[in-house]
DNA sequence: GATGAATGAGTGTTCATTCAT
DNA sequence: GATGAATGAACACTCATTCAT
């Protein structure tokens, strides 16, 4: 890859093999990520990933048993970053707060970039599906837990099923505005946040929260 | 293959060629549909579709210029069925009405079964993407128009962006409960309908509508 | 093909089957000819030939065992027309006479149009090659015989091998000017005739022949 | 495959990769050449060429983008060898000289062996046709230029069109005796040379040239 | 460890030929 | 006889994976 320097300088700094290996592995992961993202999974060949990472084809198979495994590694790497923090619903301005959370979450999604490959693979890779499903369950749990806090404080609608609301929020966040090029208008994050808040809080609660001034954040 | 009728009816001399051809074409469409659905588009070969339909490889190419064209034919066939009617929001029980609409829509989606292939192909087939995008725009338009009616009658929230609400309803309907195998809980249609109605009507409006008596909707 | 008329008129004129068959056979031959000519042999499919002749694919195989056989039939049909008459060398103006013969021959070649397919097939079809070789031997024989007449009358060069001269004349005629688009200049038939005559007659013989007056040729 | 050298020389450690690759490329070229020659272009499959060269199908496509490209490479390789030197007409024995040139040219043609494929491909590959046409124009130019020299020295017939003569010589040389298996007799090179010389020089000029003894070559 | 040339099963597609109607 | 739908072997070409160097 870029080992020429060592040869010139001698074996001096002696970068531990493991570290060099890690670099290569990361380069491959990174290349896989960017190629999967831009061309899709099936359309990306192992050779391309290797070339893009500056290593030989065979090297690819030293670090990953196959293309699929690289994807799984990618997922493990990135999936944690995808997990949003448990949202705080009770604040002086839940709408604005939620909007900023949504924006941040969307950026993470964008950066992770797996939206490009997942739909292609989920249906035919049950293991992958399970991994992802677990992640979604985790997210679902966090949101639900946040809602329960608010609900326990009597701040939410009484007639809505919290589970359904949770699920709705998650779906709306996942298919967030950014993806919405397809549908006509680009709803912006604040409007989306308002919609979500409407599902959670009766309007008067929002007014009350706002009037509290500096509501203590969780 | 599909000669069963003759067997039952006896030797009615001539099955018109066109009809036989239609039968074969349909068998291929059907096979394509079910294989695409179960294995995905890329993983399904023309040979397999032909075999599954009980014809030879070459026969496939008599009826369709290639795999993609079969998919497009499938889409044309099914896309109209996918279009939901413009929902009527104003009724004595919008929630129940909406729930039944959602259920019907979901059945259509299920039957059409393209959810399996579309995610795989959309990113790499701009024409297909355009066709679908147009369909979604149409749906979006219908929902929005329905909401406007209700809004003009002063029945809706005043502080929510109709476009965003429309988009939210569409997204929620598309990713409806059935798909929710992935996320833990299966929200049922009525709960989902309630959530949607909350986005549209203030609770007191719903009460008023209900009290109006038995207005028959659609 | 165009049998609908009979059905309307009844069995009245009763075109003998053989004749109708001949018509179809000829239509197929003609279609084969024109398609082979314009697209080459391999590039022409049996289906196309049938369609162009206005009959069904299967009908093709009633009249010809396969594509190759149609070509052979074509050859037999056309090869006789290809045979030039034994040229008369001794005339008052051999050059002009030869030029007109060349022109006529070239027209025949053009019309027959097999130059398009023969090169493609000769190397891989020994039987075809033999048929053609026989034809060429026949032509060679005719030219040689003509030359011998002239030679016996003492009109030709004495130091040239008649066989080689014959062969040269044949080759030049076959690759005649028309084909010469490829090489830069388009030699015209008279110049070519002069060249051929130079191979046969010493210049003074030509002068003598010319002075003989108007001997009618051929 | 072609490692015989190593076996003889011992284990000279590294056969440079490039050299191994060249060997394989050459083996493929050679296989292509011999298969095209014996079976024709269309009848030869890439798989066969690979098998004949002792490599796998995929390897073929490492060295050549497709079958056609291998042919083009073959042509480039061989076309230069095909170009005859500008013939020297003025010598003490033009006939003998020409005969030996013809023989040499014929050997080259034979070795190149493209006569087998060109007729098959020329009509349907305009690029190939252009490449070949250019080569022929070059040859035509060389011959014509040689003839002009002789003509300027007043050694040639005055009544023949030089262009036509040039073209005739070229055609005769191209369809040289060797190809003449098809026509009955095998004219030999000397006789053919005599014929060509007759087209260029009046007999008395030849006598004069011969009597000169050691005529200076060009 | 790293390389990249080699592999060969697998893909979509064509077309000469057959055969039920 | 005539039809044209059906056949299936064959082709050019790709790519995940292996392995000699």
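Residue numbers (the working numbering), protein chains in the order written: chain A, 15 to 232; chain B, 15 to 232; chain C, 15 to 232; chain D, 15 to 232.
We treat Cβ as the ideally placed atom computed from N, Cα and C, and that holds for glycine.
For residue j and residue i, believed in contact at Cβ under 8 Å, the rounded distance
i: residue 42 of chain A; j: residue 67 of chain A; result: 5 Å
i: residue 138 of chain B; j: residue 168 of chain A; result: With a Cβ gap of about 50 Å, residue 138 of chain B and residue 168 of chain A do not count as contacting.
i: residue 130 of chain D; j: residue 50 of chain D; result: 6 Å
i: residue 170 of chain D; j: residue 104 of chain D; result: The Cβ separation is near 10 Å, so there is no contact.
i: residue 93 of chain A; j: residue 46 of chain A; result: No, residue 93 of chain A and residue 46 of chain A are not in contact; Cβ-Cβ is about 15 Å, not under 8 Å.
i: residue 119 of chain D; j: residue 164 of chain D; result: Between residue 164 of chain D and residue 119 of chain D the Cβ distance is about 19 Å, and since that is not below 8 Å, they are no contact.
i: residue 122 of chain D; j: residue 142 of chain D; result: Not really, about 19 Å apart at Cβ, beyond 8 Å.
i: residue 146 of chain B; j: residue 136 of chain B; result: 7 Å
i: residue 116 of chain B; j: residue 203 of chain B; result: 5 Å
i: residue 133 of chain A; j: residue 133 of chain B; result: 3 Å
i: residue 153 of chain A; j: residue 98 of chain A; result: 7 Å
i: residue 33 of chain A; j: residue 56 of chain B; result: Actually they do not touch by this definition, with Cβ atoms about 38 Å apart.
i: residue 40 of chain D; j: residue 189 of chain C; result: Actually they are not in contact, since the Cβ atoms of residue 40 of chain D and residue 189 of chain C sit about 34 Å apart, beyond 8 Å.
Contact set for residue i: own chain, Cβ-Cβ below 7 Å, skip 5 residues either direction
i: residue 157 of chain B; result: 101, 180, 183, 184
i: residue 52 of chain D; result: none
i: residue 224 of chain C; result: 106, 107
i: residue 216 of chain B; result: 171
i: residue 23 of chain B; result: Here residue 23 of chain B scores only 48 on pLDDT, less than 50, and its place in the model should not be relied on; the value that follows carries that caveat. Answer for residue 23 of chain B: no residue qualifies.
i: residue 61 of chain D; result: 71
i: residue 195 of chain A; result: Because the pLDDT at residue 195 of chain A is just 47, under 50, the model does not fix this residue reliably, and the point stays unresolved.
Same chain, Cβ closer than 6 Å to residue i, five either side skipped, listed in chain order
i: residue 109 of chain B; result: 207, 208, 211
i: residue 220 of chain C; result: none
i: residue 58 of chain A; result: 49, 50
Enclosing alpha helix (DSSP H) for residue i [first to last residue]
i: residue 211 of chain B; result: 203–214
i: residue 171 of chain D; result: It is not in any alpha helix (DSSP H) - residue 171 of chain D carries neither H nor E in the DSSP assignment.
i: residue 103 of chain B; result: That residue, residue 103 of chain B, is in no alpha helix (DSSP H); it is neither H nor E in DSSP.
i: residue 162 of chain C; result: 140–166
i: residue 182 of chain C; result: 176–188
i: residue 108 of chain A; result: 108–126
i: residue 224 of chain B; result: 217–225
i: residue 83 of chain A; result: 81–96
i: residue 137 of chain C; result: Note, residue 137 of chain C: premise wrong, no alpha helix (DSSP H); not H, not E.
i: residue 75 of chain D; result: 71–77
i: residue 65 of chain A; result: 60–67
8 Å CB neighbourhood of residue i in its chain, flanking five on each side removed
i: residue 177 of chain B; result: 158
i: residue 63 of chain A; result: 42, 45, 46, 49, 74, 81, 84
i: residue 150 of chain A; result: 184
i: residue 162 of chain B; result: 176
i: residue 70 of chain C; result: 64
i: residue 226 of chain A; result: 106
Heavy atom of the ligand HEM within 7 Å of residue i beta-carbon
i: residue 41 of chain C; result: In the structure shown, the ligand HEM is absent, as is every other ligand, since no ligand is present at all.
Chain A contacts made by the stretch 130–146 of chain B, where a contact means CB separation under 7 Å | 130, 133, 134, 137, 138
Residues of the stretch 47–76 of chain C with a CB closer than 9 Å to any CB of chain D: list them in chain order, please.
-> Here the close residues are 53, 54, 56, 57.
Can you give me, in chain order, the residues of the stretch 204–224 of chain A that have a beta carbon less than 7 Å from any beta carbon in chain B?
-> 205, 206, 208, 209, 212, 213
Listed from N- to C-terminal order along the chain, which residues in the stretch 103–133 of chain A have their beta-carbon within a distance smaller than 7 Å of any beta-carbon of chain B?
-> Identification of residues in the stretch 103–133 of chain A having a C-beta nearer than 7 Å to some C-beta of chain B yields 130, 133, given in sequence order.
Taking a Cβ distance cut-off of 9 Å, strictly less, list which residues of the stretch 87–100 of chain B are near chain A, in chain order.
-> none
Chain C contacts made by the stretch 172–185 of chain D, where a contact means CB separation under 9 Å | 173, 174, 175, 177, 178, 179, 180, 181, 182, 184, 185
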